[in-house]
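Structure representation (C-alpha coordinates):
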(Lines of atoms letter the chains of each structure in order from A and count residues from 1; the text may use other names and numbers.)
(Lines give C-alpha, C1' and ligand atoms only; values in the text may rest on other atoms or scores of the structure.)
Protein backbone atom coordinates (compact mmCIF):
# COMPACT_ATOMS: atom_id res chain seq x y z
CA UNK A 1 0.00 0.00 0.00
CA UNK A 2 2.85 2.42 0.80
CA UNK A 3 4.24 1.99 -2.71
CA UNK A 4 0.89 2.87 -4.23
CA UNK A 5 0.69 5.96 -1.99
CA UNK A 6 4.21 7.00 -3.00
CA UNK A 7 3.41 6.49 -6.66
CA UNK A 8 0.16 8.39 -6.44
CA UNK A 9 1.64 11.30 -4.43
CA UNK A 10 4.46 11.92 -6.89
CA UNK A 11 2.52 11.07 -10.04
CA UNK A 12 -0.30 13.51 -9.23
CA UNK A 13 2.13 16.21 -8.12
CA UNK A 14 4.09 15.99 -11.32
CA UNK A 15 1.17 15.59 -13.69
CA UNK A 16 -0.46 18.73 -12.22
CA UNK A 17 2.84 20.58 -11.81
CA UNK A 18 2.76 22.12 -15.25
CA UNK A 19 5.95 24.11 -15.69
CA UNK A 20 8.54 21.88 -14.09
CA UNK A 21 10.14 21.69 -10.66
CA UNK A 22 9.10 25.05 -9.19
CA UNK A 23 5.49 24.37 -10.13
CA UNK A 24 5.46 20.88 -8.65
CA UNK A 25 7.26 21.66 -5.37
CA UNK A 26 4.16 23.04 -3.58
CA UNK A 27 2.14 20.10 -4.87
CA UNK A 28 4.74 17.62 -3.62
CA UNK A 29 4.80 19.43 -0.29
CA UNK A 30 1.02 19.18 -0.01
CA UNK A 31 1.08 15.43 -0.65
CA UNK A 32 4.09 14.66 1.56
CA UNK A 33 3.20 16.96 4.48
CA UNK A 34 -0.57 17.43 4.47
CA UNK A 35 -1.96 14.37 2.70
CA UNK A 36 0.26 11.55 3.99
CA UNK A 37 2.15 13.14 6.90
CA UNK A 38 5.49 11.65 5.93
CA UNK A 39 7.30 14.88 6.88
CA UNK A 40 6.68 18.15 8.66
CA UNK A 41 6.85 21.49 6.86
CA UNK A 42 10.23 22.12 8.48
CA UNK A 43 11.63 18.74 7.41
CA UNK A 44 10.36 19.28 3.87
CA UNK A 45 11.97 22.73 3.85
CA UNK A 46 15.29 21.26 4.91
CA UNK A 47 15.11 18.56 2.23
CA UNK A 48 14.21 21.20 -0.34
CA UNK A 49 17.14 23.42 0.72
CA UNK A 50 19.66 20.59 0.46
CA UNK A 51 18.11 19.41 -2.80
CA UNK A 52 18.43 22.87 -4.32
CA UNK A 53 22.16 22.85 -3.57
CA UNK A 54 22.67 19.68 -5.62
CA UNK A 55 22.71 19.37 -9.40
CA UNK A 56 19.81 17.86 -11.37
CA UNK A 57 16.08 18.54 -11.39
CA UNK A 58 14.58 19.22 -7.97
CA UNK A 59 11.51 17.00 -8.40
CA UNK A 60 13.60 13.87 -8.94
CA UNK A 61 15.83 14.67 -5.96
CA UNK A 62 12.79 15.16 -3.73
CA UNK A 63 11.20 11.96 -5.02
CA UNK A 64 14.34 9.91 -4.50
CA UNK A 65 14.97 11.16 -0.99
CA UNK A 66 11.39 11.08 0.25
CA UNK A 67 10.73 7.71 -1.37
CA UNK A 68 13.84 6.31 0.31
CA UNK A 69 12.90 7.77 3.70
CA UNK A 70 9.38 6.36 3.49
CA UNK A 71 10.02 2.90 2.00
CA UNK A 72 13.74 2.33 1.36
CA UNK A 73 15.25 1.67 -2.05
CA UNK A 74 12.03 0.28 -3.57
CA UNK A 75 10.21 3.41 -2.36
CA UNK A 76 12.83 5.63 -3.97
CA UNK A 77 12.48 3.77 -7.27
CA UNK A 78 8.67 3.99 -7.20
CA UNK A 79 8.72 7.71 -6.38
CA UNK A 80 11.31 8.41 -9.09
CA UNK A 81 9.30 6.48 -11.67
CA UNK A 82 6.12 8.32 -10.67
CA UNK A 83 7.96 11.63 -11.04
CA UNK A 84 9.22 11.02 -14.55
CA UNK A 85 6.22 9.02 -15.82
CA UNK A 86 3.91 12.00 -16.49
CA UNK A 87 6.54 13.73 -18.60
CA UNK A 88 7.46 10.54 -20.43
CA UNK A 89 3.82 9.75 -21.18
CA UNK A 90 3.13 13.30 -22.32
CA UNK A 91 6.21 13.35 -24.53
CA UNK A 92 5.32 10.10 -26.20
CA UNK A 93 1.60 10.71 -26.69
CA UNK A 94 1.33 14.45 -27.16
CA UNK A 95 4.50 15.64 -28.84
CA UNK A 96 2.93 15.94 -32.27
CA UNK A 97 -0.16 17.73 -30.94
CA UNK A 98 1.91 20.21 -28.98
CA UNK A 99 3.97 20.94 -32.06
CA UNK A 100 0.87 21.41 -34.21
CA UNK A 101 -0.88 23.76 -31.78
CA UNK A 102 2.07 25.60 -30.21
CA UNK A 103 0.99 28.95 -31.69
CA UNK A 104 -2.68 28.49 -30.85
CA UNK A 105 -4.22 31.37 -28.82
CA UNK A 106 -5.94 28.81 -26.57
CA UNK A 107 -2.66 27.11 -25.67
CA UNK A 108 -1.02 30.49 -25.03
CA UNK A 109 -3.98 31.53 -22.85
CA UNK A 110 -3.77 28.29 -20.89
CA UNK A 111 -0.07 28.84 -20.26
CA UNK A 112 -0.67 32.42 -19.16
CA UNK A 113 -3.49 31.39 -16.79
CA UNK A 114 -1.35 28.80 -15.02
CA UNK A 115 1.39 31.29 -14.05
CA UNK A 116 -0.61 33.21 -11.38
CA UNK A 117 -1.67 29.95 -9.78
CA UNK A 118 1.93 28.79 -9.52
CA UNK A 119 2.90 32.17 -8.09
CA UNK A 120 0.29 31.87 -5.34
CA UNK A 121 1.36 28.29 -4.55
CA UNK A 122 5.02 29.31 -4.29
CA UNK A 123 4.10 32.32 -2.15
CA UNK A 124 2.07 30.13 0.20
CA UNK A 125 4.92 27.67 0.53
CA UNK A 126 7.38 30.49 1.21
CA UNK A 127 5.11 31.89 3.93
CA UNK A 128 4.83 28.44 5.56
CA UNK A 129 8.61 28.04 5.53
CA UNK A 130 9.06 31.54 6.99
CA UNK A 131 6.62 30.86 9.82
CA UNK A 132 8.30 27.50 10.47
CA UNK A 133 11.68 29.22 10.68
CA UNK A 134 10.34 31.91 13.01
CA UNK A 135 8.76 29.26 15.21
CA UNK A 136 11.96 27.23 15.25
CA UNK A 137 14.65 29.91 15.68
CA UNK A 138 12.83 33.21 16.26
CA UNK A 139 12.43 36.44 14.33
CA UNK A 140 15.95 37.74 14.94
CA UNK A 141 17.81 34.69 13.61
CA UNK A 142 15.37 34.34 10.72
CA UNK A 143 15.87 38.01 9.85
CA UNK A 144 19.65 37.73 9.98
CA UNK A 145 19.63 34.69 7.69
CA UNK A 146 17.12 36.29 5.32
CA UNK A 147 19.00 39.57 4.96
CA UNK A 148 22.39 37.87 4.70
CA UNK A 149 21.10 35.43 2.08
CA UNK A 150 19.55 38.22 0.05
CA UNK A 151 22.78 40.23 0.12
CA UNK A 152 24.93 37.24 -0.79
CA UNK A 153 22.64 36.21 -3.66
CA UNK A 154 21.65 39.58 -5.10
CA UNK A 155 24.45 41.99 -4.21
CA UNK A 156 27.48 39.73 -4.39
CA UNK A 157 25.96 37.21 -6.86
CA UNK A 158 27.13 34.22 -4.83
CA UNK A 159 26.06 30.77 -6.00
CA UNK A 160 23.02 29.47 -4.02
CA UNK A 161 24.88 26.33 -2.96
CA UNK A 162 27.45 28.47 -1.13
CA UNK A 163 24.70 30.51 0.51
CA UNK A 164 23.08 27.31 1.76
CA UNK A 165 26.42 26.05 3.11
CA UNK A 166 27.09 29.38 4.84
CA UNK A 167 23.58 29.33 6.33
CA UNK A 168 24.10 25.78 7.57
CA UNK A 169 27.40 26.77 9.16
CA UNK A 170 25.75 29.81 10.77
CA UNK A 171 23.02 27.58 12.15
CA UNK A 172 25.53 25.08 13.48
CA UNK A 173 27.67 27.69 15.27
CA UNK A 174 25.12 30.32 16.35
CA UNK A 175 21.76 28.60 16.60
CA UNK A 176 22.88 25.21 17.76
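Residue numbers (the numbering used here): 106 to 281. Here a beta-carbon is modelled for each residue, glycine too, at the ideal position from N, C-alpha and C.
*Three-state class that DSSP yields for residue 159 in the structure shown*: DSSP places residue 159 outside both helix and strand once states are collapsed to three, so it counts as coil.
*Using three-state DSSP, classify residue 145 as helix, strand or coil.*
coil
*Cβ-based neighbour list, residue 209, same chain, cut-off 6 Å, excluding 5 preceding and 5 following*: none
_Please report the straight-line C-alpha distance between residue 204 and residue 228, rounded to a whole angstrom._
32 Å
*Find the nearest neighbour of residue 145 within the set 261, 255, 271, 237, judged by alpha-carbon distance.*
Taking each of 261, 255, 271, 237 in turn and checking the Cα distance to residue 145, the smallest one comes out for 237.
_residue 217 versus residue 230: straight-line alpha-carbon distance, rounded_ = The straight-line gap from Cα to Cα measures roughly 21 Å.
*7 Å CB neighbourhood of residue 137 in its chain, flanking five on each side removed*: 114, 143, 144, 149, 171
*Rounded to whole angstroms, what's the CA-CA distance from residue 184 to residue 241? Just pull it up for me.*
Cα to Cα, the separation comes out at about 29 Å.
*Using the Cα positions of residue 152 and residue 106, report the straight-line distance between them to the nearest angstrom.*
Separation of residue 152 and residue 106 (C-alpha to C-alpha, rounded to the nearest whole angstrom) is 24 Å.
*Exposed or buried, what is residue 134 when buried is set at 16 or more other beta-carbons lying within 10 Å of its beta-carbon?*
buried
*Do three or more CB pairs link the region 239-257 to the region 268-275 at distances below 8 Å?*
These segments touch.
*Of the choices 154, 176, 129, 111, whose alpha-carbon is the least far from that of residue 219?*
Of 154, 176, 129, 111, the residue nearest in Cα terms is 129.
*So, are the CB atoms of residue 111 and residue 176 less than 8 Å apart?*
yes
*Backbone CA spacing between residue 182 and residue 191 [nearest angstrom]*: 15 Å
*Any non-hydrogen atom of the ligand HEM within 7 Å of residue 195 CB*: You won't find the ligand HEM in this model; it holds no ligand whatsoever.
*Please classify residue 222: is it buried, with 16 or more other beta-carbons within 10 angstroms of its beta-carbon, or exposed?*
exposed
*asked:* Judging by CA-CA distance, which residue of 198, 131, 248, 189 is the nearest neighbour of residue 225?
replied: Of the candidates 198, 131, 248, 189, the one whose C-alpha sits nearest the C-alpha of residue 225 is 131.
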